[in-house]
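S.K.: So for the sequence shown, this note's numbering puts the first residue at 279; every next one is plus one. Backbone N, C-alpha and C define an ideal beta-carbon position, used for all residues, glycine too. Structure incoming, see below.
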Amino acid sequence: EADCVRLKNALVNLGNVKNWANLVKRAKSGALEGVNVLLRPVSAESLENLSNAATSAFVARETRQAAAALNSPPPGGFLITSDEGKQLVDYPLPTQPLNEYNSLDQWKELQRLSSMLLHTPFRANGVITNIFVDANGTRHIALHSEPD
C-alpha cells in the first residue's frame, strides 16, 4: 500500500497536477496523450524501481488469491482423489518452484499451469472407498486402484 501511494505521488509530481484525482481525470480525457517526460537516468531508475515494487505487491497478492481459488473445490461440484495419494493426471512439473519466479512471472506461470490442468483430459477408474459432501456441497470421491 505504501509503495502504491509513493508511486501515485511520483506520478502526480511528473504530471504537474495537484492530486491523483486530477491526474486520472486528465489521463481519461486524453490530455496526456502524446506527452513525453524526460528524466535523468537516476530518476528514471528510481521511478522504475518504485513502479516495480508497487506492481509486484499487487501481482503477488492477486496470484495468492487466484491460487487459493484454484485450490478450493467448486461448491456443488466434484472432487475426485486417489486414496493412495496417486496423481490422476500426468503433466510435466514446472522447471522451478513458483516462489523462485518474480511476481509477474509467478502470475504467468499460474495461468499456464491452471490452463493446462483445466484442459487435461483424464479417466478415473477404481473402487470407490469414500464419498462425502462437504459444507459447500462439493461431493468428494476417493478412489482406490483396482486390483490386478
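Just list the residues that DSSP pairs F410 with in beta bridges.
M.R.: For F410, which the question treats as bridged, DSSP gives the partners H418.
S.K.: Does L421 pass the burial test, meaning 16 or more other C-beta atoms within 10 Å, or should it be called exposed?
M.R.: That one is buried.
S.K.: Jot down the residue ranges of each uninterrupted alpha helix (DSSP H) in the stretch 337–414, minimum 4 residues, whole runs only, in chain order.
M.R.: Complete alpha helix (DSSP H) runs here, min 4: 381–396.
S.K.: Helix, strand or coil: how does DSSP classify G331 here?
M.R.: For clarity, residue 331 is Ala in the given sequence; the question names Gly instead. A331 falls in the helix class under three-state DSSP.
S.K.: With distances taken Cα to Cα, identify the nearest neighbour of T341 among S321, N380, L357.
M.R.: Of S321, N380, L357, the residue nearest in Cα terms is N380.
S.K.: Kindly indicate which three-state DSSP category K286 falls into: helix, strand or coil?
M.R.: In this structure, K286 counts as helix in the three-state DSSP scheme.
S.K.: So for S423, helix, strand or coil by DSSP?
M.R.: Here S423 sits in coil by DSSP.
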